[in-house]
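First residue of the sequence shown? That's 8 in this note's numbering, and the numbers climb one at a time after it. Shown next, in C-alpha cells, is the structure this report addresses.
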Amino acid sequence: MNEKSASDAAGILSGLERVAVLTGAGISAESGVPTFRGADGLWRQYRAETLATPEAFESDPKLVWEWYDWRRGLIAPVEPNPGHRILAGWQDLFAGFSLITQNVDGLHAKSGSREVIELHGNIWKLRCVREGTVSEVRTTPLPRIPPVCSSCGALLRPHVVWFGEALDPAVLERAFDLSSSCQAMLVVGTSSVVHPAASLPRTAARAGAAVIEINPEPTPLTPDADIFLAGKAGQVLPALDRLLRERRCP
Ligand code: BV8
C-alpha cells in the first residue's frame, strides 16, 4: 500500500463527519469466504451469474439450494476479519457514518456494525415464494432441500436479490441518498461491475464526495477514484485506522 496515499486518505477522512462505505465480496475474502469473480469464485462447474437468477431457481430449485446450502455451511463458522471490525469501530468515530454492502454473508453485523444496508439481501433469511413472509434460519445444512414453507407448503427461496431482479426500492433509495449526501465514500473489495451498486460511488463523486478505493487490484472505478489504496482490506483498513486516529485524537 502506498504510504503517502494512505496518509492522504487519512487526512481527508479525519476532518469529515458524513462518511459512507460500500463493501463487496473482497472484504470477506480474508475470512475465507470465496469472492464471486475471483479464481475461487466457481462452484462445481457453475458461476454465480448462472445460479443467482430467478430462471435457475424456476428450472432447478434443488440445484440452486444446494449452492446456497453449501455457501451457508461455508460462511457459518467463519469470523469477521480486521477489515470488518475496523468498519464496525468507525460507526462511533464519524457522526454520520453509513455502511452499505453488496454482501449477503452477514459478517458486518457479526463484527458489531449496527445499521448495515444490505443491497442484495441476506443468505440467512428465507422467503416464502407464495406468502412473501421472511424468516431467519441459521441451520446448516438445511434439513431438506429445497426447503418449504411450514404454513403453506410452498417453496422457500433465499431472501437475496438475484441477477435480473430489482433491489428493494426503499433500500436502494436510502443507499443513493446516503451516497449523495456523504462527504467521502470508501469503496472496499468490490469489482465494481454489478449495478446498480456500482453506480453509488459515482453518485457520491458527482455530489462532491471524495472517493477512496481499497482493492488489491484496479477496477473500472479506479480511474474515477480520488485515492486508490492497493492492498487487502484486512491490512489496509487497520493501517488507515491508525493514521486516522492519530489525526483525530493526537
Ligand atoms: C437490476 C446476491 C433491474 C445473490 C448479487 C447496468 C449495467 C450493466 C449491467 C446491469 C445494469 N443494470 C442491471 C444490470 C444487470 C445486473 C448486473 O449488474 N450484471 C453484471 C454482472 C454486469 N444487475 C442486476 O441484475 C441487478 N438488478 O439491476 O435489476 C431491474 C429493475 C426493475 C425490474 C427488474 C429488474 C441485481 C444485481 C444483484 C445480484 N445479486 N448477490 C447472491 O449473493 O447469491 S450480486 C453479487 O455480486 C454479490 O452480491 C457480490 O457482492 C456482487 C458484486 O460482486 P463483488 O462484491 O464486487 O465481488 P467480486 O467477486 O466481483 O469482486 C471481489 C473484489 O474484491 C475484486 O475486485 C477483488 O480484487 C477484491 N478483493 C479480493 N480479495 C480482497 C479484495 N478486496 C479487498 N481485500 C481483499 N482481501
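Note that the Cβ used here is the ideal one computed from N, Cα and C, for glycine as well. Computed from a predicted structure; not experimentally measured.
Query                                                                                                           : Result
Runs of alpha helix (DSSP H) lying entirely within the region 131-184, each at least 4 residues, in chain order : none
Per-residue burial, Q190 [other beta carbons within 10 Å of its own, 16 or more giving buried]                  : buried
For R121, the three-state DSSP class (helix, strand or coil)                                                    : coil
heavy atom of the ligand BV8 below 7 Å from S118 C-beta                                                         : no
Counted within 10 angstroms of its Cβ, other Cβ atoms place C159 as buried (16 or more) or exposed              : exposed
Sub-8 Å separation of V167 and I130 beta-carbons                                                                : yes
Which residues DSSP lists as bridging N9, in chain order                                                        : DSSP lists no partner for N9.
Pairwise C-alpha distance: L114 and R137                                                                        : 29 Å
Alpha-carbon spacing of S142 relative to A173, whole angstroms                                                  : 20 Å
Local Cβ density within 10 Å of P84, reported as buried at 16 or more and exposed below that                    : exposed
Supposed close pair E37, A246 - CB separation, criterion 8 Å                                                    : No, E37 and A246 are not in contact; Cβ-Cβ is about 14 Å, not under 8 Å.
beta-carbon H127 near the ligand BV8 non-hydrogen atom, thresh 7 Å                                              : yes
Minimum Cβ-Cβ distance from R137 to chain C less than 8 Å                                                       : Note that chain C does not occur in the displayed structure, where there is just one protein chain.
Inter-residue Cα distance where the pair is L251 and A212                                                       : 21 Å
Residue closest to V28, alpha-carbon to alpha-carbon, out of N88, P68, I107 and L58                             : I107
Closer than 7 Å: L174 CB and nearest the ligand BV8 heavy atom                                                  : yes
Inter-residue spacing [alpha-carbon to alpha-carbon] between R44 and G90                                        : 20 Å
Which listed residue (E24, S120 and D175) has its alpha carbon closest to that of G128                          : D175
Any non-hydrogen atom of the ligand BV8 within 7 Å of E224 CB                                                   : yes
Distance, S66 Cα to Q98 Cα                                                                                      : 42 Å
C-beta atoms of I234 and A16 nearer than 8 Å                                                                    : yes
First and last residue of the uninterrupted alpha helix (DSSP H) at T30                                         : Looking at the DSSP string, T30 is not in any alpha helix (DSSP H); the run it does join, the beta strand (DSSP E), is R25 to T30.
Given 8 Å, three or more beta-carbon pairs between the region 200-219 and the region 178-192                    : yes
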